[in-house]
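Heads up: the structure comes next, in structure tokens.
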Amino acid sequence: MFFGFGKKSALQAPNSGPYRAYTTEFDEVISAGELRKQVALFPGLLDSLRQLTPARIHATQRSMDFQARFIAGHPLGERPVFTILIDHSGSMRGPKSLSAGVLADIAIAIFENMQVKFEVLGFTTSSWKGGRSRQEWVSRGSPPQPGRLCDLRHIVYVDAGKPDSDWTRSLPLMMSDDVLKENVDGEALLWARQRAEALNPTAWICVHVSDGTPMDDATVLANGGEQTGWYLQQHLDSVVQSFNADPAIRLGCLALEYDLVRAPFHPVRYAKSLNDAPAIFYDLLDDLIWPAAKEEG
């Protein structure tokens, strides 16, 4: 859905060039703890997230089964790194973001018990309608095919290099309307990989949690829209394909009430019911860690 920018918001000529950002000057990487100081959170969000529902109980039991299997033996080497990368787009508001929060909350506890390195990351933008990046582009005469045209905000909930017992207080950010805006998935995945590589892993397991395709209105409108199959989607496809070709990377997607048929994620698990998503997360981890066992079964 486009918010639009008035009469001059017609789609521009398709951008068939290589992916790029018009500017990265206004992008930011911020810890969830620091962002929490800037955002008003409704009281009771953490209580809602941790409510002992049947779905949470089931997911917790499923996580314990996964932990037991992992401890019994896995093919990931001595230094596996796990990343949960969560879409913070506006369409995640409500039950989807709550489901993602429950998923992360349970997974963090399990990964800590397993004594493996892991990160929980989020990705969005710091503003709507392109923000300062678009303003700068307009001030320079709106040159054609500018590339990515928004201010990225990458959020670190759990940093593998800096353990922090205060992460629980930050999880409600996932449900804050002030945080959930646009989503540029391809660059978020590259950022997550860069962070993981700094830890020198023997294997990197990344679960991308999302409810749809990449979207930023300003970028789409300035780069030709669906005339080129969507500029941001093409970049995501390219990134996923490159990850799929790397034997040290195991990338999967947990799709929340959405059929991600346009992205070449493999494997993909679909959570048609949001109540099931936290438990399905462990089915996806099984697919990523023991794919041969699934094929033989």
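For this note's numbering, add 2 to where a residue sits in the sequence shown, where the first one is 1.
The beta-carbon is built from N, C-alpha and C at its ideal position, and this holds for glycine as well.
Own chain partners of residue i with C-beta closer than 7 Å, once the 5 adjacent residues on each side are dropped
| i | result |
| --- | --- |
| P203 | R81, P82, V83 |
| Q243 | P266 |
| D179 | R95 |
Beta-carbon proximity list for residue i, same chain, < 6 Å, skipping 5 on both sides
| i | result |
| --- | --- |
| H60 | A281 |
| P20 | none |
| S331 | Nothing about residue 331 can be reported from this structure: the residues present for the chain run from 3 to 299 only. |
| I251 | W206, F245 |
Paired residues, beta bridge with residue i - DSSP
| i | result |
| --- | --- |
| M217 | N185 |
| A23 | R150 |
| H156 | V31, F125 |
| D161 | K164 |
Residue i classed as buried or exposed, judged by whether at least 16 other C-beta atoms fall within 10 angstroms
| i | result |
| --- | --- |
| R38 | buried |
| T26 | exposed |
| E114 | exposed |
| I157 | buried |
| H268 | exposed |
| F72 | buried |
| V160 | buried |
| L123 | buried |
| A294 | exposed |
Residue span of the beta strand (DSSP E) that contains residue i, given as start and end
| i | result |
| --- | --- |
| G254 | 251-258 |
| H210 | 205-212 |
| A273 | 270-273 |
| V83 | 82-89 |
| A172 | Checking the sequence shown, residue 172 turns out to be Ser, not Ala. No beta strand (DSSP E) contains S172, which DSSP labels as neither H nor E. |
| S33 | 30-33 |
Proximity below 8 Å, CB of residue i to CB of residue j
| i | j | result |
| --- | --- | --- |
| G214 | S129 | no |
| G46 | D168 | no |
| L87 | A190 | yes |
| A198 | K131 | no |
| Y284 | F120 | no |
Unbroken alpha helix (DSSP H) run spanning residue i, endpoints
| i | result |
| --- | --- |
| G124 | Segment 119-127 is the beta strand (DSSP E) holding G124; no alpha helix (DSSP H) there. |
| Q235 | 233-246 |
| M66 | 56-74 |
| S141 | 133-141 |
| D278 | D278 -> no alpha helix (DSSP H), and no H or E assigned at all. |
| A111 | 97-116 |
| D49 | 47-51 |
Neighbourhood of residue i by C-beta, 8 Å cutoff - its chain only, sequence neighbours within 5 removed
| i | result |
| --- | --- |
| P145 | W139 |
| L48 | T170, R171, L173, P174 |
| D218 | T127, G132, R150, L151, C152, E184, N185, V186, L234 |
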